[in-house]
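**Student:** The structure under discussion is supplied below as structure tokens; questions concerning it will follow.
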Amino acid sequence: MLQATVLRDDIDEIMPGVVADRRDFHEHPELAFQEVRTAGIVAERLRALGVADVRNGIAETGITGLIHGTKTGPGRTVLLRADMDALPILEENDVEYRSQTPGVMHACGHDAHTAMLLGVTRLLMDRRDEFAGTVKVLFQPAEESPPGGAKPMIDAGVLTDPKVDAAFGLHIDQDNPVGVVELRPGPMMAAADRFHLVIRGKGGHGAKPHDSIDPIVIGAQIVTALQTLVARAVDPTQEAVVTVGTFKAGEAFNVIPDTAELGGTVRTFNAKNRDFLEARIETLARGIATAMGAAVEFTYTRGYPATVNDPAMTELVREEAAKVVGADGVRHAPLMMGAEDFSYFLQEVPGAFWFVGSQNPERGLVWGHHHPRFDLDEAALAIGMESMVNVALRYLGGESTVESRQLAID
Ligand code: NI
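So the sequence shown is residues 522 to 931, counted in this note's numbering.
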């Protein structure tokens, strides 16, 4: 474990700089596709480190760079990804690195992701003689804002030139304490879609319902019927959610309005349920409205697909993370109903996404993602970097299959 020990020493050495970067990004958060300052720092840093072929301005503010290994070997390419965007939230933390931009905050930890991948880049640049092939580091915009930054970066060709063989990414995790890493093979995070319904009835006097077609009553029937879909029509051993989050109709207590509007979200983990719910929501809404004499406008917008980890790559991450936090520290993640646009990379190439615990109750670092008091224990940055470096070296220096235990850093 000689090299692994050296890696940890190197991480200790760069940690103050990585923490400083994270705090700098935290102080200067930028919303989706506006990560100009952040991207500028990232590109400058990559070039200063001697990273090859640094390309910026991909899908607005995205960046890629290449680290070429000098070992002889099969020469594969592995992609490591960080997201850079912040959220439209007013920070409530009273820390010296609090957001300087009112109403914008790194409340999900993407500041940490960006700082960690810069650290990982530096560590891998110093280890080019330990791997064959190429590490492509990718910093993407707009994870928080569907349709997001991952898809347009893929459309711009980031998985080619050189062709990417596998992709890995991680997320800071305030639901688990520092020292815990979580992931699972197969679907891990949900697909998140939205729907919108406009029910066109016929307005009138509240005392003369027979002259009207009441869109509120029709909408109420539709809401109730939609709640039977997951309960009665989706396989009970599978997970799905249909939530109606908005129901807007009417202005006056004694007037039947012309229209009612419903909006909602659908969460699923596989294409079958996703297709099924999209079709059935429309069928139910149209059928009920038509039967009651109204018309319906239906819009269904697909958001991020389910995040599906490749089983062999999951095992690789699991083994490499166990070297960092111990076998007990690596846990089987529960299914998560939230969505993540790293899913688009995993639709194209095998890979895995994992969670790095960052909660520290003793220091009051317990607030969840997207909360105005979100903050993290920066010790998690070392765990994130070490696991990511291990994964990249293992993938490029050893074998990617679970069967082969000849590890590059053993
Ligand atoms: Ni996030």
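By construction, the Cβ of each residue, glycine as well, lies at the ideal position given by its N, Cα and C atoms.
1. Suppose contacts are defined by Cβ-Cβ distances below 8 Å. Is P550 in contact with M626 by that definition?
2. Using a 10 Å radius around the Cβ and a threshold of 16 neighbouring Cβ atoms, would you call L611 buried or exposed?
3. Spatial neighbours of A806 within its chain, please: CB distance less than 7 Å, with the 5 preceding and 5 following residues excluded, ordered by chain position.
4. Compute the Euclidean distance between the alpha carbons of S864 and T835, then round it to the nearest angstrom.
5. For G670, is the beta carbon positioned less than 7 Å from some heavy atom of the ligand NI?
6. Note the first and the last residue of the continuous beta strand (DSSP E) segment covering E818.
7. Is D530 helix, strand or coil when you go by DSSP?
8. Take Q880 as the anchor and find which of G872, A901, F866 has the nearest alpha-carbon.
9. Mapping the DSSP letters down to three states, classify N775 as helix, strand or coil.
10. Would you mind giving the Cβ-Cβ distance between Q695 and H890, rounded to the nearest angstrom? I have them listed as a contact below 8 Å.
11. Using CA coordinates, which residue listed in A607, H589, D606, P736 is at the minimum distance from T642?
12. CA-CA distance, T593 and V656?
13. Using C-beta distances below 7 Å, list every residue in its chain close to G771, excluding the 5 sequence neighbours before and after it, in chain order.
14. Write down the C-beta distance between V838 and L645 rounded to the nearest angstrom, noting that I regard them as a contact closer than 8 Å.
15. Can you say whether F774 is buried or exposed, counting buried as having 16 or more other CB atoms within 10 angstroms of its CB?
16. Tell me whether G630, by its Cβ, gets closer than 7 Å to a heavy atom of the ligand NI.
17. Would you mind stating whether F790 and P871 have Cβ atoms separated by less than 8 Å?
18. Using a threshold of 7 Å, is the CB atom of H547 nearer than that to any non-hydrogen atom of the ligand NI?
19. Since M710 and A873 are thought to touch, with beta carbons under 8 Å apart, how far apart are those beta carbons, to the nearest angstrom?
20. Would you report the Cα separation of I535 and L639, rounded to the nearest angstrom?
21. For the putative contact between F546 and T622, defined by C-beta atoms under 8 Å, what is the C-beta separation to the nearest angstrom?
22. Count the other CB atoms, across all protein chains shown, that sit within 10 Å of the CB of V572; report buried if there are 16 or more and exposed otherwise.
23. Threshold first: 3 residues or longer. Then list the beta strand (DSSP E) segments lying entirely within the stretch 539-596, N to C.
24. Taking DSSP's pairing of strands, which residues face M858 in a bridge?
25. Since R801 contacts A761 with CB under 8 Å, what's their CB separation in whole angstroms?
26. Tell me the residue span of the beta strand (DSSP E) that contains T786.
27. Indicate the three-state DSSP secondary structure (helix, strand or coil) for M909 in the structure shown.
28. For S921 and A833, I'd like the C-alpha separation in whole angstroms.
29. Can you tell me whether E617 is buried or exposed? The criterion is at least 16 other CB atoms within 10 Å of its CB, across all chains shown.
**Tutor:** Based on what the coordinates show:
1. Looking up residue 550 in the sequence shown gives position 29. Looking up residue 626 in the sequence shown gives position 105. M626 is positioned such that its CB atom lies closer than 8 Å to that of P550.
2. The residue labelled residue 611 in the question sits at position 90 within the sequence shown. With fewer than 16 other beta carbons inside 10 angstroms of its own, L611 counts as exposed.
3. In the sequence shown, the residue the question calls residue 806 occupies position 285. Correct list, in chain order: L718, I743, V817, F819.
4. Residue numbering aside, residue 864 sits at position 343 when the sequence shown is read from its first letter. Residue numbering aside, residue 835 sits at position 314 when the sequence shown is read from its first letter. Near 14 Å, if we compare the C-alpha coordinates of T835 and S864.
5. One-based indexing of the sequence shown puts residue 670 at position 149. Outside the cutoff, so no.
6. Translated into the one-based positions of the sequence shown, residue 818 becomes position 297. 816-822 is the span of the beta strand (DSSP E), which, as asked, contains E818.
7. In the sequence shown, residue 530 corresponds to position 9, counting from 1. The three-state secondary structure of D530, taken from DSSP, is helix.
8. Residue numbering aside, residue 880 sits at position 359 when the sequence shown is read from its first letter. Here the closest residue by C-alpha is A901.
9. Your numbering for residue 775 matches position 254 in the sequence shown. The answer is coil: DSSP assigns N775 none of H, G, I, E or B.
10. Reading the sequence shown from its first residue, position 174 is the one you call residue 695. Reading the sequence shown from its first residue, position 369 is the one you call residue 890. Right, the Cβ-Cβ distance comes to about 6 Å (below 8 Å), so this counts as a contact.
11. What you label residue 642 is simply residue 121 of the sequence shown in a count that begins at 1. It is H589 whose Cα lies nearest to the Cα of T642.
12. Numbered from its first residue, the sequence shown carries residue 593 at position 72. Numbered from its first residue, the sequence shown carries residue 656 at position 135. Going from the Cα of T593 to the Cα of V656 covers about 15 Å.
13. Within the sequence shown, numbered from 1, the residue matching residue 771 stands at position 250. Cβ neighbours of G771 beyond the five flanking positions: I737, P778.
14. Position 317 of the sequence shown, counted from the first residue, corresponds to residue 838. Position 124 of the sequence shown, counted from the first residue, corresponds to residue 645. Their Cβ separation, rounded to whole angstroms, is 16 Å, which puts V838 and L645 out of contact at 8 Å.
15. Translated into the one-based positions of the sequence shown, residue 774 becomes position 253. Flag for F774 reads exposed.
16. One-based indexing of the sequence shown puts residue 630 at position 109. Yes, the ligand NI has a heavy atom inside 7 Å of this Cβ.
17. In the sequence shown, the residue the question calls residue 790 occupies position 269. In the sequence shown, the residue the question calls residue 871 occupies position 350. Not a contact, by the Cβ cut-off of 8 Å.
18. Taking the sequence shown and counting its residues from 1, one reaches residue 547 at position 26. Incorrect: H547 has no Cβ contact closer than 7 Å to the ligand NI.
19. Position 189 of the sequence shown holds residue 710. Position 352 of the sequence shown holds residue 873. Rounded, the Cβ-Cβ distance is 12 Å, inconsistent with contact.
20. Indexing the sequence shown from 1 puts residue 535 at position 14. Indexing the sequence shown from 1 puts residue 639 at position 118. Between I535 and L639, the C-alpha separation is close to 10 Å.
21. For the purposes of this step, residue 546 is taken as the residue at position 25 of the sequence shown. For the purposes of this step, residue 622 is taken as the residue at position 101 of the sequence shown. With 8 Å as the limit, F546 and T622 do not qualify as a contact, their Cβ atoms being about 12 Å apart.
22. Within the sequence shown, residue 572 is the residue found at index 51, counting from 1. That one is buried.
23. 573-579, 583-589
24. Start at 1 with the first residue of the sequence shown, and residue 858 comes out as number 337. Answer is none; M858 lacks a bridge partner.
25. For the purposes of this step, residue 801 is taken as residue 280 along the sequence shown, with counting starting at 1. For the purposes of this step, residue 761 is taken as residue 240 along the sequence shown, with counting starting at 1. No, R801 and A761 are not in contact; Cβ-Cβ is about 11 Å, not under 8 Å.
26. Here the question's residue 786 lines up with position 265 in the sequence shown. Bounds of the beta strand (DSSP E) holding T786 are 780-789.
27. Locating residue 909 in the sequence shown gives position 388, where the first residue counts as 1. M909 falls in the helix class under three-state DSSP.
28. By 1-based counting over the sequence shown, the position of residue 921 is 400. By 1-based counting over the sequence shown, the position of residue 833 is 312. Low per-residue confidence applies at S921: pLDDT is 39, beneath 50, and the placement is therefore not dependable enough to give any value.
29. Residue numbering aside, residue 617 sits at position 96 when the sequence shown is read from its first letter. Burial call: exposed.
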